[in-house]
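If you read the sequences in order, they're chains A and B.
Just so we're aligned: the first sequence equals residues 274 to 676 in the working numbering.
Just so we're aligned: the second sequence equals residues 18 to 513 in the working numbering.
Some notes on the structure that comes next.
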Amino acid sequence: MQDAIKPRDVNDVAEAVASAAAGEKRLELIGRGSKRELGRAVQTDATLDLSALSGITLYEPEELVLSARAATPISEIEKALEERKQELAFEPMDYGPLLNKARGEGTIGGAIAAGLSGPRRIKVGSARDFMLGVSAVSGRGEIFKAGGRVVKNVTGYDLPRLLAGSWGTLAVMTDITLKVLPRAEDCATVLLFGASDSHANEAMSAAMGSSCEVSAAAHLPQWPADNVAELDAPGKSVTALRLEGVPQSVAYRKTKLQELLRPFGALGSLDATKSRAFWKSIRDVAPFADRTERTVWKISTTPSLAPGIAAGINAATGAHYYYDWAGGLLWLEMPGDKPEENAVRTTLAGRGHATLIRASAAARASAEVFEPLDPVRAAISQRLKSSFDPKGVLNPGRIYAEG
Amino acid sequence: MVAMPAPDTSVLSRREAIVSALREIVPGEGVIANDVAMRPYESDGLTAYRQLPMVVVLPETTEQVSKILSYCYENSIKVVPRGAGTSLSGGALPLADGVLLGMGKFNKVLEIDYPNRAVVAQPGVTNLGITKAVEGSGFYYAPDPSSQIACTIGGNVAENSGGVHCLKYGLTTNNVLGVEMVLMTGEIVRFGGKHLDAEGYDFLSLIIGSEGLLGVVTEVTVRILKKPETARALLVGFPTSEAAGDCVAKIIGAGIIPGGMEMMDKPAIHAAEAFVHAGYPLDVEALLIVELDGPEAECNHLIESVSAIAKGCGAVTLRASTSEEERLKFWAGRKAAFPAVGRISPDYYCMDGTIPRAKLPLVLSRMRELSEKYGLLVANVFHAGDGNLHPLILYDANKEGELERAENFGSDILRLCVEVGGVLTGEHGVGVEKRDLMPSMFNKTDLDQQLRVKCAFDDKGLLNPGKVFPELHRCAEMGRMHVHGGKTAFPDLPRF
Ligand SMILES: Cc1cc2nc3c(=O)[nH]c(=O)nc-3n(C[C@H](O)[C@H](O)[C@@H](O)COP(=O)(O)OP(=O)(O)OC[C@H]3O[C@@H](n4cnc5c(N)ncnc54)[C@H](O)[C@@H]3O)c2cc1C
Ligand SMILES: Cc1cc2nc3c(=O)[nH]c(=O)nc-3n(C[C@H](O)[C@H](O)[C@H](O)COP(=O)(O)OP(=O)(O)OC[C@H]3O[C@@H](n4cnc5c(N)ncnc54)[C@H](O)[C@@H]3O)c2cc1C
């Protein structure tokens, strides 16, 4: 067992980190550990268990702002928002099902540190687009704040946004202030059946380029479409487009979107209840959740390039896959437990980035989990890391071996 | 007035050699060294500050930018990037011993990619230029600063500019997908692209809003959106600003995010009406313009909901636009508010704080007290949806001491914004103007962390010095770590 330090408040965090820095020790940050199997395995001297830093500290629905301590469970935040018909619009995914863990255990700090976002990413942005302010402890053990509690703010560098997606390697976030949004009153999903990948890509592009305000667009080849409960084993590929808003608007746009998609093939739809369940499955990668021994990759790329990339990786490895973000996000499930890194990275060839999401510890140790950087970016990443954490105390090696 | 760093005499004494070295890199008329020709570059939109640069360089290619910066890096010469020079915070103010790097010749739209809804443009393309390039196909670029005819996308990236529609569609930072940038060392680097999210750290978040202090942007990839089918606006007058503020809160509380929601106070309403005759009511204390956009059915439904809320909040006048012409007329007064105020006063000073919206009545009443104290009038236009205030302080620069009084009045307003939980600047940037107010919002540790980030990009502090940070330190000094020993709170810690 490693030493575990459980700070009670921000001052404890600062003291723990400062002591670690003074003693050249390294710390692994844990919200509640739900995404521990993600990223590179870290070699540290102790864990910094942040779970005591929990609770919502400010929520003003009419100002669209919420502040919480970093280890507040997402589920607690979502519950508070739901009572006022609001939500975290970036739809943070729940890695629980994919990583063979319990659902609903993630913390807001973990979601922000991992830069999570769901299908609505293409319309409203990701976690970082909702970050307004932060209090944190740098790797120097110093408490600092950045940003504020208002949306319009250009005072100083946007460090709150930077910390989103930094995997706890720059600073320990202790308090987070987020922009929240009203929940859509109504939603519906239009389905297109039997389109090939490239046809589906065109259909999604046409829908996104229309005034229908599509808030999510995914395409599933027959497998895994047959593995998604809400689709009732369609026996063919399914392209899904979500519409959200006031009922009058959703109804009107649904008709319009159906007209637009008719030339692409047979159409269907999901009602509000089924829509919500379906997009949660897409968000949480439910289609690949059941066979936990298999390797899962995530690729972010230019939407129109995705079908070629998917076909290339499929030809080399036999991987199953589906598209979210109108093609810009590819989830791939390898047929076995080998990472197949070479096939993935050579096919992608720098046209975006690939992240190893689910893999055995051995695979994660042998493969590059995150997309390797060119020398200029690698050097500036290293300098950025040092500017926050000169002694390499925080999550060393979580993103890249050297940092 | 805020003081700029003292010029480095050893650099000034090498001026001739520097100019000829730059001419080797940028031939022809791309290097300007005579005072008359440099005059147009001596200030930006913050005209109270003026300074001729040592030399102006107008490169045309990324390679030239790279060579200029690496030459300046090796020779320890300061560089100030400039777009169109519309900054209202002095971000593009030249330095006497610095190279002014004008990006105006980078004025081409490089690629329009409709299938992926992206445009790749050089940084000197104007904000409106991007929309113009795609509007034929029904698309637009969402952030719309009032200066959009003139300001450049590179300047927008540097300032993280907003506009009246950013309540619903976001600021620059929410609409930029990637940049190509040259570091002070001359190294060329790309962050982002047409794909979403970054591999590794999200450098885009740092670069957008960095006020030209981290690198020179040489290419920008933005996302474009399809134009909404319809837009309608409501013009609502209230007897008090409290009632107007209450209405804004209730609209958002009801789950409605309008495309735009702007407020004007009485002096601003009168100035605007006298200038453009938009048909604004003159007997109200506050005027709201609420714009709803989307399909017609949605607009009509929301116009009704918002009208009902406004009546419930005591609106005394209420008009909904019934034609595109009328909608544009509602906006005409608001869009012309700055020049309108310019007509009633020899000079005005535009402030840019943001406050939590609920504090509006308090802030307006404190502002009235300050107005009396300084003996200067103030007119307010307000991005009401997101709490971004633009108080316009009226003064006359020809009257002894009025500029100074206006500046002090402005500083008091910004401190007030911070005091009520807001921030010093919502969209115009810190620049020179608000540099020395930074300590009212951030303590030394906060600012030191930001300075260390700056050091990761520009270790010699050559890029746009004298802006944003009240004190300059050597990067080597910033990097040092002071180990504080002492007792620890954890039983585990002694093992460390
Ligand atoms: C001590 C402990 C107790 C647990 N108890 C239970 C239990 O009672 N019931 C149960 O079902 N499950 C329990 N679990 C499992 C846990 O529920 C899940 O693993 C999950 O909740 C953790 O999600 P997370 O969002 O905190 O992400 P994490 O996996 O903790 O974090 C994701 C990433 O973000 C970083 N990070 C997290 N927080 C911050 C921050 N504040 N600042 C900067 N970076 C940060 C991390 O370093 C990591 O890189 C426990 C796990 C642990 C380690
Ligand atoms: C009448 C008026 C109305 C305005 N309305 C708004 C508004 O509604 N919303 C709003 O947000 N702003 C507004 N502004 C402010 C201003 O227009 C914006 O800040 C704009 O983005 C500045 O762009 P620019 O091209 O003029 O940049 P400049 O003024 O030339 O430079 C601004 C800053 O950007 C840096 N910079 C410029 N180009 C580059 C580059 N290529 N690489 C790196 N750094 C660079 C400069 O060093 C400087 O720090 C207004 C200004 C005026 C005069």
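The C-beta atom is built at its ideal place from N, Cα and C for all residues, glycine as well.
Give the C-beta separation of residue i and residue j to the nearest angstrom, bearing in mind that I take them to be a contact with Cβ-Cβ under 8 angstroms.
i             : j             : result
residue 461/A : residue 548/A : 6 angstroms
residue 205/B : residue 83/B  : 6 angstroms
residue 562/A : residue 370/A : 4 angstroms
residue 190/B : residue 225/B : 4 angstroms
residue 308/B : residue 270/B : No, residue 308/B and residue 270/B are not in contact; Cβ-Cβ is about 18 angstroms, not under 8 angstroms.
residue 630/A : residue 570/A : 6 angstroms
residue 131/B : residue 154/B : 6 angstroms
residue 677/A : residue 516/A : No answer is possible for residue 677/A: it lies beyond the span of chain A, which begins at 274 and ends at 676.
residue 671/A : residue 380/A : At roughly 16 angstroms, the Cβ-Cβ gap does not stay under 8 angstroms, so residue 671/A and residue 380/A are not in contact.
Are the beta-carbon atoms belonging to residue i and residue j less than 8 angstroms from one another?
i             : j             : result
residue 394/A : residue 363/A : yes
residue 322/A : residue 278/A : yes
residue 556/A : residue 366/A : yes
residue 407/A : residue 420/A : yes
residue 373/B : residue 404/B : yes
residue 320/B : residue 251/B : yes
residue 121/B : residue 141/B : yes
residue 519/A : residue 444/B : no
residue 85/B  : residue 49/B  : no
residue 503/A : residue 550/A : yes
residue 354/A : residue 453/A : yes
residue 180/B : residue 162/B : yes
residue 538/A : residue 467/A : yes
residue 667/A : residue 470/B : no
residue 16/B  : residue 484/A : Any question about residue 16/B goes unanswered here, given that chain B covers just 18 to 513.
residue 19/B  : residue 449/B : yes
residue 567/A : residue 610/A : yes
residue 326/A : residue 342/A : yes
Can residue i be considered in contact with ligand 2, in the sense that its beta carbon sits closer than 7 angstroms to one or more heavy atoms?
i             : result
residue 346/A : no
residue 445/B : yes
residue 482/B : no
residue 455/B : no
residue 47/B  : no
residue 105/B : yes
residue 201/B : no
residue 280/B : no
residue 173/B : yes
residue 3/B   : In this structure chain B extends from 18 to 513, so residue 3/B is not present and cannot be described.
residue 178/B : yes
residue 407/A : no
residue 397/A : no
residue 229/B : yes
residue 111/B : no
residue 76/B  : no
When DSSP builds the beta bridges, which residues end up paired with residue i?
i             : result
residue 367/B : 409/B
residue 395/B : 410/B
residue 359/A : 455/A
residue 667/A : 300/A
residue 590/A : The partner list for residue 590/A (beta bridge, DSSP) is empty, contrary to what the question assumes.
residue 606/A : 569/A and 593/A
residue 332/A : 339/A
residue 278/A : 321/A
Is residue i near ligand 4 - that is, is its Cβ less than 7 angstroms away from at least one heavy atom of it?
i             : result
residue 163/B : Ligand 4 is not among the ligands present in this structure, which contains only ligand 1 and ligand 2.
Worksheet item: Pairing CB atoms from the stretch 128-136 of chain B with CB atoms from the stretch 89-107 of chain B, are three or more of them under 8 angstroms?
Response: no
Discussion item. Pairs of beta-carbons, one from the stretch 477-491 of chain A and one from the stretch 379-393 of chain A, closer than 8 angstroms: are there three or more?
Written reply: yes
Item to complete: Determine contact between the stretch 579-592 of chain A and the stretch 639-658 of chain A, defined as no fewer than three beta-carbon pairs at a distance below 8 angstroms.
Response: no
Worksheet item: Quick check: the stretch 489-508 of chain A against the stretch 465-473 of chain A, are there 3 or more CB pairs under 8 angstroms?
Response: yes
Fill in: contact_flag[the stretch 436-453 of chain B, the stretch 409-418 of chain B] where n(CB pairs < 8 angstroms) is 3 or more
no
Discussion item. Does the contact criterion of 3 or more C-beta pairs under 8 angstroms hold for the stretch 349-367 of chain B versus the stretch 284-297 of chain B?
Written reply: yes
Discussion item. Pairs of beta-carbons, one from the stretch 380-394 of chain B and one from the stretch 424-437 of chain B, closer than 8 angstroms: are there three or more?
Written reply: yes
Worksheet item: If you pair each beta-carbon of the stretch 592-601 of chain A with each one of the stretch 476-483 of chain A, do three or more pairs fall below 8 angstroms?
Response: yes
Worksheet item: When the Cβ atoms of the stretch 261-278 of chain B are set against those of the stretch 212-227 of chain B, are three or more pairs found closer than 8 angstroms?
Response: no
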